[in-house]
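J.: Protein chains in written order, with this note's numbering: chain U, 498 to 786; chain D, 498 to 786.
Every residue, glycine too, gets a C-beta built ideally from N, C-alpha and C.
Have a look at this one before I ask anything.
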């Protein structure tokens with residue numbers, strides 16, 4: 498088994514109300530991660546703003562940006578200068594009246610290689626995303642980078658095994674989940690640990706069921722009624738958490754992932770050989786037969 | 498939220514080479530579980546034999562039984578006498594030359610309510626199941642019992658999120674996995690804990706992703722090159738392990754499950770509301786688009 502290693506960078510930050518501050522802080526840590534060897538850097542969901550979806554307010558649409566924008570260009574130049582792939586999660590203004598929760602895949606040449614538009618949109622107390630984001634219409638694309646074939650999903654997609662499976666079936670070796678998840682202060686603290694635990698388990702299960710690396714990048718800090726729980730993590734193709742950030746601190750990590758483990762585990766646990774694809778047709782139903 | 502409680506019984510045993518001994522031992526513990534209040538009792542995979550699939554040997558087909566057989570009748574009478582539902586995992590002789598790894602759902606009136614025939618068939622060193630079992634052709638059925646609506650899957654199905662999802666979409670409130678899984682002595686002991694951990698995580702993930710109860714019933718004891726790892730468990734609809742047996746001991750457990758938790762968690766985490774069913778069609782592909 499020949500090792501095929503790639504260094505993954507993740508950047509975990511708190512956000513202020515000042516977009517410029519968030520952009521600058523993120524830019525500096527992204528630079529540091531790349532200097533430390535990272536070839537693919539993933540930033541947190543909606544990285545340049547606070548998590549505005551905890552309120553329904555039409556003024557927040559001002560945070561949406563088009564694909565030609567100086568914030569994006571700043572990271573395109575960084576990618577080009579360093580030959581890194583950067584996953585840039587933005588609030589995308591696709592058109593007047595159509596907005597998405599989007600990750601831009603910036604190639605090592607600085608071009609926009611492609612987009613992932615969040616497919617599963619939550620709508621729960623303090624997470625009113627259906628108000629802001631049209632559901633993605635690009636499916637579950639996979640991106641060939643010089644370093645790895647990657648899938649990109651976003652936050653709430655974490656809870657849907659279908660999304661991870663579809664990316665893996667397209668050949669994803671690493672699945673990235675830029676994220677904004679935290680505890681809601683109106684819920685009792687007793688359930689906090691079970692929420693964090695369930696969230697971790699889902700990432701681990703995607704890694705195991707598909708024998709791929711899974712990376713989640715979450716924010717930290719208190720914003721309004723939400724305390725974002727950090728715990729950004731990297732999971733091995735057999736579900737082991739091989740790196741994890743803190744619950745409260747701003748930090749970046751660079752983690753070496755050996756992609757040859759994927760084939761090793763797929764030979765040990767040949768789930769892809771054994772899927773009963775002729776019996777799965779009801780997965781496209783809402784409920785029942 | 499009105500509580501709707503059901504007591505689940507699980508029976509974890511080692512198996513000898515003597516079928517009669519295994520049947521009698523299992524029968525007694527099933528009785529005890531029912532006396533302790535269990536309304537639905539789940540036994541371990543292929544409960545009346547050792548795990549013969551670790552060798553390829555045509556003589557082992559002698560263990561296969563038809564649906565009319567004194568072993569089954571013994572448990573039908575027990576079910577009828579106690580008004581319990583019993584999940585009886587057998588090696589089914591369906592016809593000359595067609596054998597299945599099957600669970601019989603015995604109703605509280607003692608009749609055979611239905612069958613689940615294992616859909617995902619493993620075939621790995623010491624687990625040569627493709628030699629013995631035709632893949633199931635009954636899909637992922639769900640059974641309405643007086644106590645709960647239940648799905649039944651078997652062992653290796655544990656690794657496939659599709660199977661759990663399909664049962665949940667048919668309305669399963671509790672998913673049972675009779676199981677025979679253990680450590681293979683030819684593998685290094687260092688990986689034992691990661692295998693057990695991955696196995697638990699998958700059950701937890703099915704419970705979380707579908708907000709249902711998940712029950713796994715595994716055997717214990719050393720048979721040939723395999724050390725079955727027990728750890729039978731019951732998982733809550735948010736992924737918490739609420740009961741677990743030991744790694745090595747024969748035992749039964751009776752666990753109270755409050756089915757009203759399912760609706761509670763589905764309102765808190767409305768994954769079924771948000772599945773992107775129009776984008777899942779490639780799940781029926783082996784690989785690629």
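1) In angstroms with no decimal places, state the Cα-to-Cα distance between residue 560/U and residue 625/U.
2) Residue 713/D by DSSP, collapsed to three states: which one?
3) Candidates 551/D, 576/D and 564/D: which alpha carbon is nearest residue 524/D's?
4) Residue 582/U and residue 536/U look like a contact to me (Cβ under 8 Å); what is the Cβ gap, rounded to whole Å?
5) At which residues does the beta strand (DSSP E) containing residue 655/U begin and terminate?
6) Would you list the residues sitting across from residue 718/U in a DSSP beta bridge?
7) Residue 694/U touches chain D at which residues, Cβ-Cβ below 8 Å?
8) Could I get the ranges of all uninterrupted alpha helix (DSSP H) runs contained in the region 585-653 of chain U, with 4 residues as the minimum, in chain order?
9) Round the Cβ separation of residue 639/U and residue 647/U to the nearest angstrom and send it over; I've been treating them as touching at under 8 Å.
10) Based on Cα-Cα distance, which residue from 664/D, 645/D and 769/D lies nearest to residue 754/D?
11) Please give me, in chain order, every unbroken run of the beta strand (DSSP E) with length at least 3 that falls completely inside the region 743-775 of chain U.
12) Could you tell me whether any Cβ in chain D is nearer than 9 Å to the Cβ of residue 617/U?
13) In or out: residue 593/U buried (at least 16 other Cβ within 10 Å) or exposed?
14) When the cut-off is 9 Å and only beta carbons count, does residue 710/U lie next to chain D?
15) Nearest CA to the CA of residue 611/D: which residue from 544/D, 588/D and 649/D?
16) Would you call the region 726-737 of chain D and the region 701-710 of chain D in contact, with 3 or more CB pairs under 8 Å?
17) Which stretch, first to last residue, makes up the beta strand (DSSP E) that contains residue 704/D?
18) Just to confirm the assignment, what range does the beta strand (DSSP E) spanning residue 575/U have?
19) Among 521/D, 553/D, 657/D and 621/D, which residue has its Cα nearest to the Cα of residue 698/D?
20) What is the rounded straight-line gap between the Cα of residue 515/U and the Cα of residue 637/U?
21) Compare the C-beta of residue 680/U against all C-beta atoms of chain D and say whether one is closer than 9 Å.
22) Could you tell me whether the Cβ of residue 771/D comes closer than 9 Å to any Cβ of chain U?
23) If you drop the 5 nearest sequence neighbours on each side, which residues of the same chain put their C-beta closer than 8 Å to that of residue 780/D?
24) Using 9 Å as the limit for Cβ to Cβ distance, is residue 786/U near chain D?
25) Hey, out of 761/D, 520/D, 499/D and 737/D, whose CA is closest to residue 547/D's CA?
26) If contact is defined by three or more beta carbon pairs under 8 Å, each pair taking one atom from either stretch, is the region 678-696 of chain U in contact with the region 594-606 of chain U?
27) Can you confirm whether residue 637/U, when its beta carbon is compared against all beta carbons of chain D, has any partner nearer than 9 Å?
28) Let's test the definition: count the other Cβ atoms within 10 Å of the Cβ of residue 555/D and tell me whether it reaches 16, buried, or not, exposed.
29) Provide the residue span of the alpha helix (DSSP H) that contains residue 530/D, from first to last.
30) Rounded to the nearest angstrom, what separates residue 778/D and residue 778/U at their Cα positions?
31) Does any C-beta atom of chain U lie closer than 9 Å to the C-beta of residue 645/D?
T.: This is what the structure holds:
1) Here the question's residue 560/U lines up with position 63 in the first chain. Here the question's residue 625/U lines up with position 128 in the first chain. Residue 625/U has its alpha-carbon roughly 15 Å from the corresponding atom of residue 560/U.
2) Along the second chain, read from residue 1 onward, the residue named residue 713/D stands at position 216. Three-state DSSP puts residue 713/D in a strand.
3) Within the second chain, numbered from 1, the residue matching residue 524/D stands at position 27. Looking at the Cα atoms, 576/D is the closest of the given residues.
4) One-based indexing of the first chain puts residue 582/U at position 85. One-based indexing of the first chain puts residue 536/U at position 39. Yes, they are in contact, since the Cβ atoms of residue 582/U and residue 536/U sit about 7 Å apart, within 8 Å.
5) Stepping through the first chain from its first residue, residue 655/U is reached at position 158. Premise fails: residue 655/U is in no beta strand (DSSP E) and is neither H nor E.
6) In the first chain, residue 718/U corresponds to position 221, counting from 1. Paired residues: 725/U.
7) Taking the first residue of the first chain as 1, we reach residue 694/U at position 197. Those are 736 and 737, listed as they occur along chain D.
8) 626-629
9) In the first chain, counting from the first residue as 1, residue 639/U sits at position 142. In the first chain, counting from the first residue as 1, residue 647/U sits at position 150. Residue 639/U to residue 647/U, Cβ: 7 Å. Contact.
10) Locating residue 754/D in the second chain gives position 257, where the first residue counts as 1. Per the Cα distances, 645/D.
11) Runs of beta strand (DSSP E) with 3 or more residues, each lying fully within the region 743-775 of chain U, are found at 748-755, listed in chain order.
12) To locate residue 617/U, count along the first chain from 1; it is residue 120. The beta carbon of residue 617/U falls within 9 Å of a beta carbon belonging to chain D, placing the residue at that interface.
13) Residue numbering aside, residue 593/U sits at position 96 when the first chain is read from its first letter. Classification of residue 593/U: exposed, given that the 10 Å Cβ count is below 16.
14) Locating residue 710/U in the first chain gives position 213, counting from the first residue. Answer no: the Cβ-Cβ gap between residue 710/U and chain D never drops below 9 Å.
15) Sequence index remark: in the second chain, residue 611/D carries index 114 (1-based). Taking only the C-alpha atoms, the option nearest residue 611/D is 649/D.
16) The answer is yes - the region 701-710 of chain D touches the region 726-737 of chain D, with three or more Cβ pairs under 8 Å.
17) In the second chain, counting from the first residue as 1, residue 704/D sits at position 207. Per DSSP, residue 704/D belongs to no beta strand (DSSP E); it is in the alpha helix (DSSP H), 689-707.
18) Here residue 575/U is taken as the residue at index 78 of the first chain, counted from 1. No beta strand (DSSP E) contains residue 575/U, which is instead part of the alpha helix (DSSP H) from 567-579.
19) Within the second chain, numbered from 1, the residue matching residue 698/D stands at position 201. Nearest C-alpha to residue 698/D: 657/D.
20) Here the question's residue 515/U lines up with position 18 in the first chain. Here the question's residue 637/U lines up with position 140 in the first chain. Taking the straight line joining both Cα atoms gives about 32 Å.
21) Along the first chain, one-based indexing puts residue 680/U at 183. Judged by the 9 Å Cβ criterion, residue 680/U is not in contact with chain D.
22) On the second chain, position 274 is the one that residue 771/D refers to. So, interface residue.
23) For the purposes of this step, residue 780/D is taken as residue 283 along the second chain, with counting starting at 1. So the list reads 659, once near-sequence residues are dropped.
24) Mapped onto the first chain, residue 786/U falls at position 289. Yes, residue 786/U lies at the interface with chain D (some Cβ there is under 9 Å from its Cβ).
25) Here residue 547/D refers to the residue found at position 50 when the second chain is read from its first residue. Among 761/D, 520/D, 499/D and 737/D, the Cα nearest to that of residue 547/D is on 520/D.
26) Contact between the region 594-606 of chain U and the region 678-696 of chain U is not established, with fewer than three Cβ pairs separated by less than 8 Å.
27) Residue numbering aside, residue 637/U sits at position 140 when the first chain is read from its first letter. Chain D contact via Cβ: present.
28) Counting from 1 along the second chain, the entry for residue 555/D is found at position 58. Residue 555/D counts as exposed, since fewer than 16 other C-beta atoms from the protein chains shown sit within 10 angstroms of its C-beta.
29) For the purposes of this step, residue 530/D is taken as residue 33 along the second chain, with counting starting at 1. Here the alpha helix (DSSP H) through residue 530/D covers 516-532.
30) Within the second chain, residue 778/D is the residue found at index 281, counting from 1. Within the first chain, residue 778/U is the residue found at index 281, counting from 1. Distance between the alpha carbons of residue 778/D and residue 778/U is about 8 Å.
31) Within the second chain, numbered from 1, the residue matching residue 645/D stands at position 148. At a cut-off of 9 Å between beta carbons, residue 645/D makes no contact with chain U.
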